[in-house]
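Chains A and B are the protein sequences, given in the same order. Its first residue numbered 1, the first sequence is counted upward by one per residue in the numbering used here. Its first residue numbered 1001, the second sequence is counted upward by one per residue in the numbering used here. Report on one structure; see the data block that follows.
2 protein chains.
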Amino acid sequence: MAQHLNYAPENVESTDAALAAVRQMIEAGKLPADGRLPTERELAAEFGCGRRTIRRVLDALEAEGLIWRKQGKGTFAGQPPDPTGALAAEIAPDADPLVVMEARLCIEPALAELCALRATGEDVLRLRQLAQRASQPIDADTAELWDGALHRAIARIAGNRVMLTAFALLDEVRMGADWQKQRHRARSAETKALYDQQHNQIIDAIQARDGAGAFQAMRAHLQALSDNLRVSMGEADR
Amino acid sequence: MAQHLNYAPENVESTDAALAAVRQMIEAGKLPADGRLPTERELAAEFGCGRRTIRRVLDALEAEGLIWRKQGKGTFAGQPPDPTGALAAEIAPDADPLVVMEARLCIEPALAELCALRATGEDVLRLRQLAQRASQPIDADTAELWDGALHRAIARIAGNRVMLTAFALLDEVRMGADWQKQRHRARSAETKALYDQQHNQIIDAIQARDGAGAFQAMRAHLQALSDNLRVSMGEADR
DNA sequence: ACGCAAACCAATGTCAGAATGGTTCGGGAC
DNA sequence: GTCCCGAACCATTCTGACATTGGTTTGCGT
């Protein structure tokens, strides 16, 4: 597996050139919307080299995390997607918003706790930016979008693949369900301010590496969301 | 939707006869291993009635929870399965046992808390039985099986469809992963006793409707499992 | 009014063929 | 010997056409 890297001069030149070309092809954004790269055979023909050389280049890019490959499917730029769509569609039809919120109350505090243990300074900065976007005085739909992005970022930073998949499932159910469309449109200024404050409390705890604090802050935030939801549903069905 | 149930006499007789026949067909266990019933068209031909009548019979059985149907697939006896297999297979290959255990530490305490709020007396009885089975002096494999059944039962009693799916996903990853085969085979008598005691603490809290207590007890139990796992892995990779 | 029969719709399973990444082998250049 | 190229083969995935199945509508008859 561990190959020694002493190529003959001309080989170094050709493989390096191909690597640079493919890398530029990826970073230039000259790809279809789905990020699909040409097939290995096409790339080999285009650069006038063999498939084996192309594969070594792609191996490097894959190890670098720039691309991902799947046999029978193709080579793609970016990160491999979490294939939770099918499962979410299965659950979404009979998804009671309160059930979904209860699940969020179970999972997301734990994610915040993990996030507090693993977030880098850069991560915290990105969370701050997202919270700031969500707090801008814009329409409710956009605010909801940035709020979702913030919660997703926390889940990603938590750094546990299994938990991330579970969260992605939950997130898709939440977004895909019909009740989302008829949800509480009118956020009062007070609740908006409360949510912003809670977002900052969560991020403060994460920045301070305070796992328990992040857990509690996230739980309080979701509890507020849940209460708001329950009120706006008229409390008719519980 | 809400149909009045005053059929003409001869109709009552025929549909009732068909209903009884299909019900008996299901309960007699005269079905393929997958629980598949004949198609609606076949049933109609067999009983000499129309599809509409058969559909009304199946509607009743479905509302009763005895069967489930899926367009393009068929009619089946029993409960619809949670289709988490594909997702689990996707994650399992690169499933670090410690990552899985961390996810369990995030999800299962919350499930135990929900379980404490919703378990009936009958539920508690069943949990006691499972815990007792797991504590019998049998080989490690069988004990692990009953332990899994106990945790699954807690997740089911928690009564949240979304959380149950997330747990099912986690459970399949845990069971399907290769590392399961080379796991810590030898449970010492002390750890075995500890696990039994922790199981009983969890169930005690559930019986007492003590959500926070169930949460903590489950967390402590999984923490012990995690510690044991970390030790048996030689602590080489963390 | 109700059941029956037929037809159509939408979703699913099945099957064969093509495309693709993963792998192995032998030949040739240095 | 080492490395690349070309070719072939394998396993997985996608695509399309077709049959099957539950879901639904329509018309006829009792």
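Note that the Cβ used here is the ideal one computed from N, Cα and C, for glycine as well.
- By the neighbour-count criterion, in which 16 or more other beta carbons inside 10 Å mark a residue as buried, B/Val1231 falls on the exposed side.
- If you draw a straight line from the Cα of A/Leu130 to the Cα of B/Gly1211, it is about 34 Å long.
- Residue pairing by DSSP places A/Phe76 opposite A/Arg36, A/Trp68 in a beta bridge.
- Listed by position along chain B, the residues whose Cβ is nearer than 7 Å to that of A/Met163 are Ala1103, Cys1106.
- Ranked by how close their Cα comes to the Cα of A/Gly121, the residues A/Gly148, A/Ala205, A/Ala217 have A/Ala205 in first place.
- A/Asp123 and B/Asp1059 have their C-alpha atoms some 53 Å from each other.
- Within chain A, no C-beta atom comes nearer than 7 Å to that of B/Leu1194; the closest sits roughly 24 Å away.
- For secondary structure counted as the alpha helix (DSSP H) over 4 or more consecutive residues, the region 186–223 of chain A holds these complete runs in sequence order: 189–207.
- Close to B/Val1100, with beta-carbon spacing below 7 Å, are these residues of chain A in chain order: Val162.
- Only those residues of the region 1204–1228 of chain B whose C-beta falls short of 9 Å from the nearest C-beta of chain A would be listed, and there are none.
- Assignment of B/Asn1228 by DSSP, reduced to helix, strand and coil, places it in the helix class.
- Counted as a single uninterrupted DSSP element, the alpha helix (DSSP H) harbouring A/Gly121 occupies residues 121–135.
- Counting only Cβ-Cβ distances below 8 Å, A/Leu170 has contacts in chain B at Val1162, Ala1166, in chain order.
- Between B/Phe1076 and B/Gln1024, the alpha-carbon positions lie close to 14 Å from each other.
- B/Ala1021 does not reach chain A, its nearest Cβ partner there being about 30 Å away, counting only Cβ pairs nearer than 9 Å.
- Using beta-carbon distances, A/Ala60 does not count as an interface residue toward chain B, since no partner is under 7 Å.
- Counting only residues of its own chain and dropping the five nearest sequence neighbours on each side, B/Asp1082 has a CB closer than 6 Å to the CB of Thr1165, Ala1168.
- In terms of CA proximity to A/Arg69, A/Glu40 leads the group A/Pro97, A/Arg51, A/Glu40, A/Ala153.
- The region 150–164 of chain A makes no contact with the region 1149–1162 of chain B; the number of CB pairs closer than 8 Å stays below 3.
- Where B/Ala1112 is concerned, the enclosing alpha helix (DSSP H) starts and stops at 1097–1118.
- Taking the Cα of B/Arg1104 as reference, the smallest distance to any Cα among B/Asp1034, B/Leu1222, B/Arg1056, B/Leu1229 is reached at B/Leu1222.
- Contact check for A/Ala116 against A/Arg209 passes: the beta carbons are separated by less than 7 Å.
- Under the DSSP assignment, B/Leu1058 falls in the alpha helix (DSSP H) whose first and last residues are 1051–1063.
- Residue-level contact by beta carbon fails for B/Ala1119 and chain A, as no gap is shorter than 7 Å.
- Pairing B/Leu1111 with A/Gln198, the inter-Cα distance amounts to about 25 Å.
- Residue nearest to A/Arg133 within the set A/Gly29, A/Asn200, A/Met163, A/Leu61 is A/Asn200 (criterion: CA-CA distance).
- Contact of A/Ala155 with chain B is not assigned, every C-beta pair being separated by 7 Å or more.
- Put simply, the CB of A/Ala110 is near chain B, with a gap under 7 Å to one of its CB atoms.
- The same chain holds no residue with a CB closer than 6 Å to that of A/Leu145 once the five nearest residues on each side in sequence are set aside.
- Residue environment for B/Ala1217: buried (at least 16 other C-beta atoms within 10 angstroms of its C-beta).
- In this structure, B/Ile1067 sits away from B/Leu1127, with a CB-CB distance that is not shorter than 7 Å.
- Taking C-alpha positions only, B/Ser1226 is separated from B/Pro1097 by approximately 9 Å.
- A check of alpha carbon separations from A/Ala21 across A/Gly48, A/Ala33, A/Asp34, A/Pro32 identifies A/Gly48 as the nearest.
- Comparing alpha carbon positions, the residue from A/Ala224, A/Met163, A/Leu170, A/Ala214 closest to A/Glu190 is A/Ala224.
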